[in-house]
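Each remark here refers to the structure printed beneath this line.
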Amino acid sequence: MGNGNEEDYNFVFKVVLIGESGVGKTNLLSRFTRNEFSHDSRTTIGVEFSTRTVMLGTAAVKAQIWDTAGLERYRAITSAYYRGAVGALLVFDLTKHQTYAVVERWLKELYDHAEATIVVMLVGNKSDLSQAREVPTEEARMFAENNGLLFLETSALDSTNVELAFETVLKASSERPSIGSDPPSAPYSARSLGKEAEGHTSRGAEC
Numbered sequence: 001m002g003n004g005n006e007e008d009y010n011f012v013f014k015v016v017l018i019g020e021s022g023v024g025k026t027n028l029l030s031r032f033t034r035n036e037f038s039h040d041s042r043t044t045i046g047v048e049f050s051t052r053t054v055m056l057g058t059a060a061v062k063a064q065i066w067d068t069a070g071l072e073r074y075r076a077i078t079s080a081y082y083r084g085a086v087g088a089l090l091v092f093d094l095t096k097h098q099t100y101a102v103v104e105r106w107l108k109e110l111y112d113h114a115e116a117t118i119v120v121m122l123v124g125n126k127s128d129l130s131q132a133r134e135v136p137t138e139e140a141r142m143f144a145e146n147n148g149l150l151f152l153e154t155s156a157l158d159s160t161n162v163e164l165a166f167e168t169v170l171k172a173s174s175e176r177p178s179i180g181s182d183p184p185s186a187p188y189s190a191r192s193l194g195k196e197a198e199g200h201t202s203r204g205a206e207c
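Mapped onto UniProt numbering, the consecutive letters of the sequence shown carry residue numbers 1 to 207.
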């Protein structure tokens with residue numbers, strides 16, 4: 001899968017990032033879309049999204065990655081955040097077990113609001129901090145397998161598996177079978193989803 005021209009694309013895939021504050025959602029977003037990492041952990045409240053165009057086979061797909069940008073601190077995420085999403089990265093911090101302990105609650109919230117066909121990947125972030133690890137790989141992998149989730153460990157700091165995580169979710173989303181006349185798993189028209197996104201401003205947020 002390669003990069004495409006940002007102005008030349010066929011479809012838009014919306015992917016949401018969820019999980020506790022401070023697990024690295026925003027840096028995963030910025031690493032994938034801009035190849036940037038910020039050590040500044042200040043939080044800006046408000047939904048943020050960034051885009052990157054990639055190739056899925058012969059189709060140019062604009063990946064629209066949405067971040068809660070601190071709203072999870074106040075349980076203020078609404079169903080609109082999940083609307084139209086074909087994929088989700090449920091992120092926890094490998095060095096903070098409490099962020100892993102609540103992934104089941106996040107998963108329930110996701111399934112309460114998202115389409116049934118959404119592709120979900122459990123992501124253990126901050127793998128570069130191996131000496132501070134509190135969540136064993138096999139424990140998280142087993143949870144993912146038992147719940148039908150994809151699983152990867154990543155590091156937004158050194159880029160480990162960041163590309164692979166997003167690309168795997170995007171590819172799996174594109175391969176989901178269509179259900180009904182207007183399947184949520186199908187690629188969204190670039191123009192229609194783009195209109196929904198208008199009015200949201202991309203802002204800095206927590207790392």
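The beta carbon of each residue, even a glycine, is placed where N, CA and C say it ideally should be.
Original post:
Just reading off the alpha helix (DSSP H) that Lys62 is part of, what are its end residues?
Top reply: Per DSSP, Lys62 belongs to no alpha helix (DSSP H); it is in the beta strand (DSSP E), 59–67.
Original post:
Would DSSP call Asp158 helix, strand or coil?
Top reply: Correct three-state label for Asp158: coil.
**OP:** Identify which residue in Arg176, Ala172, Leu157 has its Cα closest to the Cα of Leu29.
**Re:** Comparing Cα-Cα distances from Leu29 to each of Arg176, Ala172, Leu157, the minimum goes to Leu157.
Subject >> Three CB pairs or more closer than 8 Å across the stretch 165–175 and the stretch 127–145 >> reply: Contact between the stretch 165–175 and the stretch 127–145 is absent, with fewer than three C-beta pairs closer than 8 Å.
**OP:** Locate the alpha helix (DSSP H) running through Phe32, then write down its first and last residues.
**Re:** Residues 25–34.
Original post:
How about the stretch 73–92 and the stretch 116–123: do they share at least three Cβ pairs that are nearer than 8 Å?
Top reply: Contact between the stretch 73–92 and the stretch 116–123 is present, because at least three Cβ pairs lie under 8 Å.
**OP:** Kindly give me the distance between the Cβ atoms of Ala60 and Asp8, rounded to whole angstroms, as I take these residues to be in contact under 8 Å.
**Re:** Correct: roughly 6 Å between the Cβ atoms.
Original post:
Going by C-alpha distance, which of Arg34, Ser38, Phe143 is nearest Thr51?
Top reply: Nearest option by C-alpha distance: Arg34.
Original post:
Could you check where the beta strand (DSSP E) with Thr51 kicks off and where it finishes?
Top reply: Where Thr51 is concerned, the enclosing beta strand (DSSP E) stretches over 48–56.
**OP:** Taking Ala114 and Ala85 to be in contact with their CB atoms under 8 Å, please state how far apart those CB atoms are, rounded to whole angstroms.
**Re:** The pair is a contact, with the Cβ atoms about 6 Å apart (cut-off 8 Å).
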